[in-house]
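Residue numbers (this note's numbering): 73 to 118. Written out below as structure tokens is the structure these notes cover.
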Amino acid sequence: MDLEEQLKRAKAGDQEALVQLVLTKKEEYYRLAYGYMGNQEDRAKP
Numbered sequence: 073m074d075l076e077e078q079l080k081r082a083k084a085g086d087q088e089a090l091v092q093l094v095l096t097k098k099e100e101y102y103r104l105a106y107g108y109m110g111n112q113e114d115r116a117k118p
């Protein structure tokens with residue numbers, strides 16, 4: 073299934089398509105979240 077088809081199915085409420093989209097991009101999401109949050113030591117500093 074291509075990306076556009078996954079997007080259409082996820083928008084239509086297909087939870088499996090949504091899971092597949094997230095898993096496909098999980099590394100990008102992790103880097104994005106890490107960029108916002110930093111590491112645990114940085115968050116602990118006042």
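Using N, Cα and C, we set each Cβ at its ideal position, and we do this for glycine too. Keep in mind it's a predicted model, so treat the numbers as computed, not measured.
For residue i, three-class secondary structure by DSSP
i: K98; result: helix
i: G107; result: helix
Delimiting residues of the alpha helix (DSSP H) encompassing residue i
i: A84; result: Segment: none, A84 is in no alpha helix (DSSP H) and carries neither H nor E.
Expected contact under 8 Å - CB spacing of residue i and residue j to nearest Å
i: A84; j: L90; result: At roughly 10 Å, the Cβ-Cβ gap does not stay under 8 Å, so A84 and L90 are not in contact.
i: Q78; j: L93; result: 5 Å
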